[in-house]
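Heads up, the thing below is written out as structure tokens.
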Amino acid sequence: MKKFILITILFFTSFSFACSCIGKRKIKTSLKSADAVFVGTIISSKKVKIKMDSTKVEIDSLNFLSKIEYKIFVTNRIKGKIINDTIKVYSDFGGGDCGYRFNVGQKYIIYSRYDIYSWWGKVNFLSTNICTRTNIYDDKEYKKLVRLGKRKGYC
Numbered sequence: 001m002k003k004f005i006l007i008t009i010l011f012f013t014s015f016s017f018a019c020s021c022i023g024k025r026k027i028k029t030s031l032k033s034a035d036a037v038f039v040g041t042i043i044s045s046k047k048v049k050i051k052m053d054s055t056k057v058e059i060d061s062l063n064f065l066s067k068i069e070y071k072i073f074v075t076n077r078i079k080g081k082i083i084n085d086t087i088k089v090y091s092d093f094g095g096g097d098c099g100y101r102f103n104v105g106q107k108y109i110i111y112s113r114y115d116i117y118s119w120w121g122k123v124n125f126l127s128t129n130i131c132t133r134t135n136i137y138d139d140k141e142y143k144k145l146v147r148l149g150k151r152k153g154y155c
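For reference, each letter of the sequence shown is one residue, going 1 to 155 in our numbering.
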């Protein structure tokens with residue numbers, strides 16, 4: 001019986017991946033590796049499921065990615081193609097999945113990347129996590145970003 005229980009547990013155990021970030025990255029490195037860097041204020045947040053073909057739905061299913069969708073009012077663009085003053089950025093829920101939890105009404109410097117969550121590369125959206133330098137707005141960091149961004153031709 002013990003052998004059966006052990007085999008059952010081993011069979012139904014899946015791999016567990018926890019978030020692991022080693023130290024805080026430097027501004028220059030973070031700017032270079034990000035697809036978009038900007039300053040913005042969080043307008044709203046909501047839990048969403050993202051279907052593999054990029055259709056957002058509010059239902060539970062195993063074929064969807066659970067994320068938090070943050071609507072952000074962009075005040076300053078440092079890097080990346082940001083056409084509108086209001087954009088959406090996605091993150092995981094926080095804890096062991098590396099998700100960054102924003103507070104509505106708070107101003108942030110956001111380092112984001114385009115994520116592709118599809119075997120065919122169809123789902124493409126901006127996301128961020130705690131392994132980036134995304135953080136509450138800091139004027140000193142913003143000024144350094146602008147200097148670096150101008151030098152690199154980003155802004």
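Heads up, the beta-carbon is just placed ideally off N, CA and C, and yes, glycines get one too. For clarity, every value in this text was computed on a predicted model and none was experimentally measured.
Which class does residue i belong to by DSSP, given the choice of helix, strand or coil?
{"i": "Y114", "result": "strand"}
{"i": "G96", "result": "helix"}
{"i": "G80", "result": "coil"}
{"i": "G149", "result": "helix"}
{"i": "Y142", "result": "helix"}
Output needed for residue i: all residues of its chain with C-beta closer than 8 Å, excluding positions within five of it in sequence on either side, in chain order.
{"i": "T41", "result": "I72, F73, T75, G105, Q106, K107, Y108"}
{"i": "G204", "result": "There is simply no residue 204 to check, as the chain begins at 1 and stops at 155 in what is shown."}
{"i": "I82", "result": "A36, F38, V74"}
Return the chain-ordered list of same chain residues with a C-beta closer than 6 Å to the C-beta of residue i, the five sequence neighbours on each side being excluded.
{"i": "Y90", "result": "K67, E69, F125, S127"}
By a C-beta neighbour count over all protein chains shown, 10 Å radius and 16 as the cutoff for buried, is residue i buried or exposed?
{"i": "S33", "result": "exposed"}
{"i": "G99", "result": "buried"}
{"i": "D92", "result": "buried"}
{"i": "I110", "result": "buried"}
Taking 7 Å as the limit between beta carbons, can you name the residues of its chain near residue i, skipping five residues before and five after?
{"i": "R25", "result": "R133"}
{"i": "S156", "result": "Limits of the chain in this structure are 1 at one end and 155 at the other, which puts residue 156 out of reach."}
{"i": "S160", "result": "Coverage of the chain is limited to positions 1 through 155, which leaves residue 160 absent and any answer about it impossible."}
From the DSSP output, which residues share a beta bridge with residue i?
{"i": "E69", "result": "K46, Y90"}
{"i": "L126", "result": "Y114"}
{"i": "Y108", "result": "G40, I136"}
{"i": "V74", "result": "G40"}
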